[in-house]
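Q: Take a look at the following structure, please.
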Amino acid sequence: MANALLFDSTLCVGCKACETACAERWKLPYNEKIAEEQTLSDHKLTVVQTRGESYARRMCMHCADPTCASVCPVGAFTKTALGPVIYDASKCMGCRYCMFACPFQVPVYEWGSRTPKVRKCDQCHDRQMAGKVTACTEACPTGATLSGDRDAMIAEARKRIAENPAGYYPRIYGIQEAGGTGMLLLSKVPFEQLGMPKNLPNQPLPPLTWNVLSFVPDIASVGSVLLGGVYWLTHRREAVAQAERQPEGRLS
Amino acid sequence: MTTTALPLPRLDSLWRRISIWRVIFYAIMAAALYAAYLRAFHGLGSVSNLSDEFPWGIWIGFDVLCGVGLAAGGFTLVAIVHIFHIKRYQPILRPAILTAFLGYLLVVVALMFDLGRPDRIWHPLVMWNPRSVMFEVAWCVMLYNTVLALEFAPVVFERMQWRRPMRIIQFISPPLVIAGVILSTLHQSSLGSLYLIVPSKLHPLWYSPLLPLLFYISAISVGLAMTIFESWHSSRAFGKQLEWPLLMGLGRLLAVVLGVFLVMRLMDLSRRHALVLALEPRPEVYLFYIEMFLMAAPVLVLLSGAVATRPRLLYLCSVSSILGFIANRLNVSVTGIQAVTGASYVPRWTEIAITMGLIAAGFAIFRLAAKHLPLFEHAPAGNGREST
Numbered sequence: 010m011a012n013a014l015l016f017d018s019t020l021c022v023g024c025k026a027c028e029t030a031c032a033e034r035w036k037l038p039y040n041e042k043i044a045e046e047q048t049l050s051d052h053k054l055t056v057v058q059t060r061g062e063s064y065a066r067r068m069c070m071h072c073a074d075p076t077c078a079s080v081c082p083v084g085a086f087t088k089t090a091l092g093p094v095i096y097d098a099s100k101c102m103g104c105r106y107c108m109f110a111c112p113f114q115v116p117v118y119e120w121g122s123r124t125p126k127v128r129k130c131d132q133c134h135d136r137q138m139a140g141k142v143t144a145c146t147e148a149c150p151t152g153a154t155l156s157g158d159r160d161a162m163i164a165e166a167r168k169r170i171a172e173n174p175a176g177y178y179p180r181i182y183g184i185q186e187a188g189g190t191g192m193l194l195l196s197k198v199p200f201e202q203l204g205m206p207k208n209l210p211n212q213p214l215p216p217l218t219w220n221v222l223s224f225v226p227d228i229a230s231v232g233s234v235l236l237g238g239v240y241w242l243t244h245r246r247e248a249v250a251q252a253e254r255q256p257e258g259r260l261s
Numbered sequence: 412m413t414t415t416a417l418p419l420p421r422l423d424s425l426w427r428r429i430s431i432w433r434v435i436f437y438a439i440m441a442a443a444l445y446a447a448y449l450r451a452f453h454g455l456g457s458v459s460n461l462s463d464e465f466p467w468g469i470w471i472g473f474d475v476l477c478g479v480g481l482a483a484g485g486f487t488l489v490a491i492v493h494i495f496h497i498k499r500y501q502p503i504l505r506p507a508i509l510t511a512f513l514g515y516l517l518v519v520v521a522l523m524f525d526l527g528r529p530d531r532i533w534h535p536l537v538m539w540n541p542r543s544v545m546f547e548v549a550w551c552v553m554l555y556n557t558v559l560a561l562e563f564a565p566v567v568f569e570r571m572q573w574r575r576p577m578r579i580i581q582f583i584s585p586p587l588v589i590a591g592v593i594l595s596t597l598h599q600s601s602l603g604s605l606y607l608i609v610p611s612k613l614h615p616l617w618y619s620p621l622l623p624l625l626f627y628i629s630a631i632s633v634g635l636a637m638t639i640f641e642s643w644h645s646s647r648a649f650g651k652q653l654e655w656p657l658l659m660g661l662g663r664l665l666a667v668v669l670g671v672f673l674v675m676r677l678m679d680l681s682r683r684h685a686l687v688l689a690l691e692p693r694p695e696v697y698l699f700y701i702e703m704f705l706m707a708a709p710v711l712v713l714l715s716g717a718v719a720t721r722p723r724l725l726y727l728c729s730v731s732s733i734l735g736f737i738a739n740r741l742n743v744s745v746t747g748i749q750a751v752t753g754a755s756y757v758p759r760w761t762e763i764a765i766t767m768g769l770i771a772a773g774f775a776i777f778r779l780a781a782k783h784l785p786l787f788e789h790a791p792a793g794n795g796r797e798s799t
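Laid out in structure tokens, this is it:
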């Protein structure tokens, strides 16, 4: 089974150790000014946001059926068997359809670069391959971020809600959203108060375009035959009309 | 420009040639070139107001979505003349093909500005993802550009009096025109399918499962409108007679196609219970009304029969449907998205300069082609004689 992260907002103290660890792993600059920034950007692939009384953590959700992987014209995104959705910058031509289509508004772009690429969290795919937990999980001092098998994470989340019903909003975000994600959230407050999109369908998004796209071969083949038929009919009709107008012509 | 003393009359004629339109043209081109320089050497961030929360701006919303649609006259006229074999429309076929060809070439140029890595525009050729609408659009646009080049080639061959290549083109013409119509059908609708993936980001007045079909039908309507628009301007600019009966015919067809589009659009809105949203006093709702009015007005005028004796009215109808079409595409791609996500985006002057530069280049190249190529002559004698 695929791995997933579990972020428990009720345990997060906003220390931003995960941000530091993430920046270190990607070799991105990190300082007090960057720590203040509240949005994802090309130099901040995870962010701890202050939302009223709570802290929210934003990063790639690693969807089970990722929208980015389906929309990318060159197939630069891959959903790995381990769970992480990874991005191959050497394929990317920069159309930014992934950024436009992502229901969680996660992929970001290197707007200032002359050879820009998309950036997003890859859930430390290389570390996971080596059997390690993600850098942010390792850095988290309170256990607000856990990583492991997705089913085990869901079981753990359920257990926490069951043991402390008063402390949690009674839902786990990410089990069904957009067909399920590899990042699960727990919170004391409703998830839209943590800035999560609330109007997402519970089904994966890629079938929305695939349902139409899968008709392409039919339209091309049936359409060609139909138009070919019309072409033949109209031209044949003219040839016949011409022949009928000249009686001798019909003989030849 | 020379500083030596010229005889007065020549200076005078030189001055007359520098008309206001020329000045505007060169001003736009200069601005566009400067913007292109900034784009090439300082990256997307320096020339656009695009951002992580609003990654597609007017280069996609106008240059690509509207550009491809406005070029739809090519496949529409090819279908009418070659496939349905209604030969009396032959005289306006070539300009329509040229408009389409130029339109698509300019869309590719626009993409070279918008893509983060234009040097990799060929990637979809070798890196496939058949699940992606963008992949399908890329292939269709590339193939259709080839088809358009071949469809337009006879005009050049005729001018050069190259008979052999002309015969080859005539030989492959039937599959060529059919491929052109199929490819257009696929990618015109697919531009709508691009937006099917954002049900949570596009305003319900525009998000619909029918987007591909709506995009296709509106592309046909605007293709007809553009053909009328372009014929009208050609007749004025090049002093040729207006193909009035033909344009009237196109006008009637335009009314029907646009009417079908509007009925479908309204039925779809009511079926999705989205019509009530049109009662909210919000900016995007006003834009919805502007879009609907610009499209509905020409239908009513054309159906009323008032245009029969008034060419200018037909021209205004085409302008109104073109503007309505542009409003629709921009509402889908820009305002309809902003209305839901709250993303802030106003195009930077450099974005507008490049877009205007492309339009100006389109007009200029069309003018050049009309001057030097047999664009308005009837096809070789014997072809048009039997018609009507």
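These protein sequence lines map, in sequence, to chains A and B. The first sequence runs 10 to 261 under the numbering used here. The second sequence runs 412 to 799 under the numbering used here. Ideal Cβ placement from N, Cα and C applies to all residues, glycine included.
From the DSSP secondary-structure annotation, give me the bridge partner or partners of A:LYS88.
A: A:LYS88 pairs with A:VAL94.
Q: Say whether the region 752-771 of chain B touches the region 490-509 of chain B, bearing in mind that this needs 3 or more beta-carbon pairs closer than 8 Å, one atom from each stretch.
A: Segments in contact, no.
Q: Return yes when the Cβ of B:PHE672 is within less than 8 Å of the Cβ of B:ILE628, no when it is not.
A: Yes, these two residues count as a Cβ contact at 8 Å.
Q: Taking the beta carbon of A:GLU28 as the centre, do at least 16 other beta carbons fall within 10 Å, making it buried, or is it exposed?
A: By the 10 Å Cβ count, A:GLU28 comes out buried.
Q: Just to confirm the assignment: which complete alpha helix (DSSP H) runs, minimum length 4, are found wholly within the region 123-185 of chain A?
A: Entirely contained in the region 123-185 of chain A, the alpha helix (DSSP H) runs reaching 4 residues are, in chain order, 134-138, 144-148 and 159-172.
Q: Is the beta carbon of A:LEU193 closer than 8 Å to that of A:LEU15?
A: Yes.
Q: In angstroms with no decimal places, state the Cα-to-Cα distance between B:MET440 and B:LEU517.
A: Near 14 Å, if we compare the C-alpha coordinates of B:LEU517 and B:MET440.
Q: Cβ of B:ARG578 less than 8 Å from any chain A Cβ?
A: No, B:ARG578 lies away from the interface with chain A (no Cβ there is under 8 Å from its Cβ).
Q: My output table needs one value for A:LYS53: the three-state DSSP class, helix, strand or coil.
A: Note: A:LYS53 maps to strand in three-state DSSP.
Q: Please classify A:MET138 as buried or exposed, where buried requires at least 16 neighbouring CB atoms within 10 angstroms.
A: Flag for A:MET138 reads exposed.
Q: Does the contact criterion of 3 or more C-beta pairs under 8 Å hold for the region 481-489 of chain B versus the region 507-517 of chain B?
A: Yes, since at least three Cβ pairs between the region 481-489 of chain B and the region 507-517 of chain B fall closer than 8 Å, the two stretches touch.
Q: Could one say the Cβ of A:LEU20 lies closer than 8 Å to chain B's Cβ atoms, at least one of them?
A: Not an interface residue.
Q: What does the alpha-carbon distance come out to for the pair B:GLY768 and B:GLY634?
A: Near 22 Å, if we compare the C-alpha coordinates of B:GLY634 and B:GLY768.
Q: Are the CB atoms of B:GLU654 and B:ILE503 nearer to each other than 8 Å?
A: Contact flag set, yes.
Q: Name the chain A residues that come within less than 7 Å of B:TRP539, Cβ to Cβ?
A: Neighbours of B:TRP539 on chain A, chain order: GLY84.
Q: Whole angstroms is fine: what's the gap from B:PHE524's alpha carbon to B:SER600's?
A: Roughly 24 Å between the two C-alpha positions.
Q: Please decide whether B:ALA790 counts as near chain A, where near means a Cβ-Cβ distance under 8 Å.
A: Only weak support is given to the placement of B:ALA790: the predicted model assigns it a pLDDT of 44, under 50, and the value that follows is read from those uncertain coordinates. Judged by the 8 Å Cβ criterion, B:ALA790 is not in contact with chain A.
Q: Identify each residue in the region 585-597 of chain B for which the Cβ-Cβ distance to at least one residue of chain A is less than 7 Å, and report them in chain order.
A: Within the region 585-597 of chain B, the residues whose Cβ lies closer than 7 Å to some Cβ of chain A are PRO585, ILE589, VAL592, ILE593, THR596 and LEU597, listed in chain order.
Q: For the beta strand (DSSP E) that A:LEU15 lies in, which residues bound it at each end?
A: Note, A:LEU15: beta strand (DSSP E), 12-17.
Q: B:LEU455 versus chain A: which residues are under 7 Å apart at the beta carbon?
A: Ordered by position in chain A, the residues that pass the 7 Å Cβ test against B:LEU455 are TRP120 and PRO125.
Q: Per DSSP, which one or two residues make a beta bridge with B:PHE465?
A: Answer is B:SER462, bridged to B:PHE465.
Q: Out of curiosity, what's the CA-to-CA distance linking A:ALA229 and A:VAL80?
A: Taking the straight line joining both Cα atoms gives about 21 Å.
Q: Please list the segments of the beta strand (DSSP E) lying wholly inside the region 631-690 of chain B, counting only runs of 3 or more residues, in order along the chain.
A: With a minimum length of 3 residues, no continuous beta strand (DSSP E) run stays inside the region 631-690 of chain B.
Q: Is it buried or exposed for B:TRP533, if we count other Cβ within 10 angstroms and need 16 for buried?
A: With fewer than 16 Cβ atoms within 10 Å of its Cβ, B:TRP533 is classed as exposed.
Q: Given a cut-off of 8 Å on the beta-carbon distance, is the pair B:ILE608 and A:LEU217 in contact?
A: Yes; because the gap between Cβ atoms is below 8 Å, this pair is in contact.
Q: Can you grab the Cα-Cα spacing for the pair B:TRP735 / B:MET703, in whole Å?
A: What sits at residue 735 of chain B in the sequence shown is Gly, not Trp. Roughly 7 Å between the two C-alpha positions.
Q: Based on Cα-Cα distance, which residue from A:ARG67, A:TRP35 and A:PRO112 lies nearest to A:GLY23?
A: A:GLY23 has its Cα closest to that of A:ARG67, out of A:ARG67, A:TRP35 and A:PRO112.
Q: Please name the residue or residues paired with A:CYS21 in a DSSP beta bridge.
A: The partner list for A:CYS21 (beta bridge, DSSP) is empty, contrary to what the question assumes.
Q: Using a Cβ cut-off of 8 Å (strictly closer), state whether A:GLU28 contacts chain B.
A: Chain B contact via Cβ: absent.
Q: Taking all protein chains shown into account, do 16 or more other C-beta atoms lie within 10 angstroms of the C-beta of B:ARG505, making it buried, or fewer, making it exposed?
A: B:ARG505 comes out buried.
Q: Any heavy atom of the ligand HEM inside 7 Å of the beta-carbon of B:SER731?
A: Only the bare structure without any ligand can be found here, which leaves the ligand HEM out of the picture.
Q: Taking the alpha-carbon positions, what's the B:ARG531 to B:PHE546 distance?
A: When rounded, the distance between both Cα atoms is 14 Å.
Q: For B:LEU661, which of B:GLY527, B:ALA750, B:ALA590 and B:THR487 has the nearest alpha-carbon?
A: B:LEU661 has its Cα closest to that of B:THR487, out of B:GLY527, B:ALA750, B:ALA590 and B:THR487.
Q: Which residues of chain A have a Cβ atom closer than 8 Å to the Cβ of B:SER604, listed in chain order?
A: What B:SER604 touches in chain A: THR218, VAL221 and LEU222.
Q: Buried or exposed for B:ILE431, please, with buried defined as at least 16 other CB atoms from any protein chain shown within 10 angstroms of its CB.
A: Exposed, by the Cβ-count rule.
Q: Do you know offhand how far A:GLN185's Cα is from A:ARG128's?
A: Those two C-alpha atoms are separated by around 25 Å.
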